[in-house]
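Quick note: the sequence shown uses our numbering, first residue 1494, plus one each step. Backbone N, C-alpha and C define an ideal beta-carbon position, used for all residues, glycine too.
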Amino acid sequence: MPTALILVSNGANLGAAFGFFAAVGKLPLLLGLLAPHGLIELTSVVIAGAAGLRLGWTVIDPGDRPRRTALAAEARRSIVLVFGVAATLLVAGIIEGFVTGSALPTAVRVGIGIAVEVAFLLYAWTFRHGQTPEVSV
């Protein structure tokens, strides 16, 4: 429950920020500041949340395996996701440090963010779509 609550809270806060900026006609400013690093960052948050939810669900329903075995297997999968999310957050930090606050035009900054997000999604689709990593117990 805490993981789901945090994800919903983050989404609500982001939605409120978009609403406030749109109400005063400054939505392009917000998009220019958030989109370059925010797309990959939000994707990372969702992946991390999904890993937490999977791990938590394993405690509730370990399936036909003993709870300890199921948790160990799921924890190994989660560790892989944690390292992947750490890498994507490193990329988000680099973009935030060097692109978001730069003098580049807003369209270029947003374009960089979209390009990075599309590249990540293509990577994820190409190398993991339909595959379940084998985990030996």
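The count of Cβ pairs closer than 8 Å, one atom from the segment 1538 to 1550 and one from the segment 1597 to 1614, stays below three, leaving the stretches out of contact. Taking all protein chains shown into account, threonine 1619 has fewer than 16 neighbouring C-beta atoms within 10 Å of its C-beta and is therefore exposed. Here the segment 1572 to 1586 lies against the segment 1527 to 1537, with 3 or more beta-carbon pairs under 8 Å apart. DSSP, read as helix, strand or coil, puts serine 1595 in coil. Going by beta carbons, valine 1592 and proline 1529 fall inside the 8 Å limit.
In chain order, Thr1551 place their CB closer than 6 Å to the CB of leucine 1564, counting only its own chain and leaving out the 5 sequence neighbours on each side. Going by DSSP, glycine 1504 is part of the alpha helix (DSSP H) stretching over 1495 to 1516. Annotated three-state conformation of proline 1521 is helix, per DSSP. Isoleucine 1588 counts as buried, since no fewer than 16 other beta carbons sit within 10 angstroms of its beta carbon. Annotated three-state conformation of arginine 1561 is helix, per DSSP. Residue burial annotation: alanine 1509 is exposed, with fewer than 16 other C-beta atoms found within 10 angstroms of its C-beta. When the Cα atoms are used, leucine 1597 and arginine 1560 turn out to be separated by approximately 52 Å. With 16 or more neighbouring CB atoms inside 10 Å of its own CB, alanine 1585 falls in the buried class.
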